[in-house]
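>
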Amino acid sequence: MKKSKRILVPVLIIVGGFLVMFGLIASRKKPESIIPEFPGVLVETINVSPEAHSATIYGTGTVRAKHEVALAPQVGGKVDWISDQCAAGGSFKKADVLFRIESIDYELAVEQAKARVAQADYQLSIEQAQADVAKREWQRMSESKSNSDDPSSLVLREPQLRQAESNSASANASLRQAELALERTQVRAPFNGRVRRESVDIGQTVSPGMPVGVLYSTDVAEIEVGLPLDELMWLDIPGSKAIVTMNVAGKNYSWEGEAVRWVGALDSVGRLARAIVEVENPYAPRDDGGPELAVGSFVDVEFTGKMIQNAVRLPRGSIRSGDVVWIATPQNTLEIRDVVMPLRTRDYVYVTEGLNAGDQIVTSPISGAANGLKVRVAEGGARE
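Quick note: to get this note's numbering, add 260 to the position in the sequence shown (first position is 1).
Spelled out as structure tokens, the structure:
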């Protein structure tokens, strides 16, 4: 009996404890469920204000020489001297002698022409004297015979005089031609420039017009830049300034240029207009020790174009599909607004209608953007 009591008492205590615990759990009130209020999509914005902007147009192109010509002699003969600069990469100044043709034959031709001039001048002086004698003789005879008729041209030896004058003029022209041919035995550079390639050597016989090399000018470089026609219309041509930039070993080097003309036809492939930019002194030494703006270099070009009045310039990425922008309103809601953009460039768009001073343009992405969506501007997220 005592043994049964000892077993029963602990069991009753345990059962009682469970009953008390279940009672407490059952009597506990459930906590009220609180749904937190949605704070809004976190966005970054820029504050805008319409003002005058100069249109900035971007393009790319390849540097080329303004002038490039074939090197060819105007007279023939054997080459007897070549300048050290008459080699691929050689530089020269305008009128420098690049190579020379053996001149002895041309010197003799000049001497012969001078002799013919002397002979023609001698014949002319004789004929002038004879014409004067004939004129005086006729005057003397007409006075004695009281003859008032005009003398014939043959009597005054006018045909003979004209022939002598013609012979003299022809001889002098032949002399000038011979002197010019002699001068042309020295083949000179037509401009300041460099040699692209050459194929002439001492002892080689060349003929008039025979190409023996290619020269290009270095005073002015040109860049042909392909642009959409709606961007080209915002440039002053000629007149718009341009910054030409070349990247070498990760560093940018820039030159000032100017749009001087445009090719009056669209590219047949990309339907792009082609603006021509000129850069003066592209081979001049730079203060920063940078490279030359060499022919063949690929460059970026930034044009400063016409003024756009009362416009807002926005990063291109802030324009959404359908030509709209997202605006964070003072009520912290999203507004989707249509805008008018007369110019879109590589990096920017210029809005002239649809935005007001103080509007906050959302620049960050929003999934499921809709009018009235609650938004909150990130601290420090509103930029000018």
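Ideal Cβ positions, reconstructed from N, Cα and C, are used throughout, including at glycine.
1) Got a sec? Which residues, its chain only, sit under 6 Å from Gly618 by beta carbon, not counting five neighbours each side?
2) Taking Glu491 as part of the beta strand (DSSP E), name the residues at either end of that continuous run.
3) Tell me the residue span of the beta strand (DSSP E) that contains Asn570.
4) Buried or exposed for Gly349, please, with buried defined as at least 16 other CB atoms from any protein chain shown within 10 angstroms of its CB.
5) Between Trp494 and Gln334, what straight-line distance do the alpha-carbon atoms span, to the nearest angstrom?
6) Look at the alpha carbon of Val326 and the alpha carbon of Ala431, and state the distance between them as a whole number of angstroms.
7) Check whether the segment 456-471 and the segment 525-535 are in contact - that is, three or more C-beta pairs closer than 8 Å.
8) Can you check which of these residues, Val611, Gly582, Phe563 and Gln569, is closest to Pro575 by C-alpha distance?
9) Would you call the CB atoms of Val504 and Trp515 closer than 7 Å?
10) Grouping DSSP H, G and I as helix and E and B as strand, with all else coil, what is Val464?
11) Using only CA atoms, which one of Ile568, Glu443, Pro419 and Leu487 lies nearest to Pro363?
12) Taking only runs of the alpha helix (DSSP H) that begin and end inside the segment 344-381, which ones reach a length of at least 4 residues, in chain order?
13) Taking 6 Å as the cut-off, is the beta-carbon of Val520 closer than that to any non-hydrogen atom of the ligand GTP?
14) Going by Cα to Cα distance, which pick from Gln420, Leu594, Ala424 and Asp356 is closest to Gln379?
15) Would you kindly check if the distance between the Cβ of Pro471 and the Cβ of Ala330 is under 7 Å?
16) Which word fits Gln372, buried or exposed, when buried means at least 16 other C-beta atoms lie within 10 angstroms of its C-beta?
17) Leaving out five residues on either side along the sequence, give the residues of the same chain with a beta carbon under 7 Å from the beta carbon of Ile556.
18) Between Gly469, Lys374, Arg448 and Ala481, which lies nearest to Leu435 when the distance is taken from Cα to Cα?
19) Helix, strand or coil for Asn452 per DSSP?
20) Is it right to say Ile482 is buried, meaning 16 or more other beta carbons lie within 10 angstroms of its own, or is it exposed?
Quick look at the numbers:
1) The answer is none, since no qualifying residue turns up.
2) Looking at the DSSP string, Glu491 is not in any beta strand (DSSP E); the run it does join, the alpha helix (DSSP H), is Leu489 to Leu492.
3) Where Asn570 is concerned, the enclosing beta strand (DSSP E) starts and stops at Phe558 to Pro575.
4) Classification for Gly349: exposed.
5) In a straight line, the C-alpha of Trp494 is about 46 Å away from that of Gln334.
6) Looking at the sequence itself, residue 326 is Lys, so the reference to Val does not match. Distance between the alpha carbons of Lys326 and Ala431: 41 Å.
7) Result no; under three Cβ-Cβ pairs closer than 8 Å.
8) Pro575 has its Cα closest to that of Val611, out of Val611, Gly582, Phe563 and Gln569.
9) Taking C-beta atoms as the reference points, Val504 and Trp515 count as a pair closer than 7 Å.
10) The displayed chain sequence assigns Gln, not Val, to residue 464. Reduced to three states, the DSSP call for Gln464 is coil.
11) The question names Pro, but residue 363 is Ser in the sequence shown. Checking every option, the nearest Cα to that of Ser363 belongs to Glu443.
12) DSSP assignment within the segment 344-381 yields no whole alpha helix (DSSP H) run of 4 residues or more.
13) What this structure holds is no ligand at all, so the ligand GTP is not there to describe.
14) By alpha-carbon distance to Gln379, the top candidate from Gln420, Leu594, Ala424 and Asp356 is Ala424.
15) Closer than 7 Å, so yes.
16) Residue burial annotation: Gln372 is exposed, with fewer than 16 other C-beta atoms found within 10 angstroms of its C-beta.
17) The amino acid at residue 556 is misidentified as Ile; the sequence shows Gly. Answer for Gly556: Thr322 and Val323, listed in chain order.
18) Here the closest residue by C-alpha is Lys374.
19) In the three-state scheme derived from DSSP, where H, G and I count as helix and E and B as strand, Asn452 is classed as coil.
20) Looking at the sequence itself, residue 482 is Glu, so the reference to Ile does not match. The Cβ neighbour count for Glu482, taken over all protein chains shown within 10 Å, is at least 16; the residue is labelled buried.
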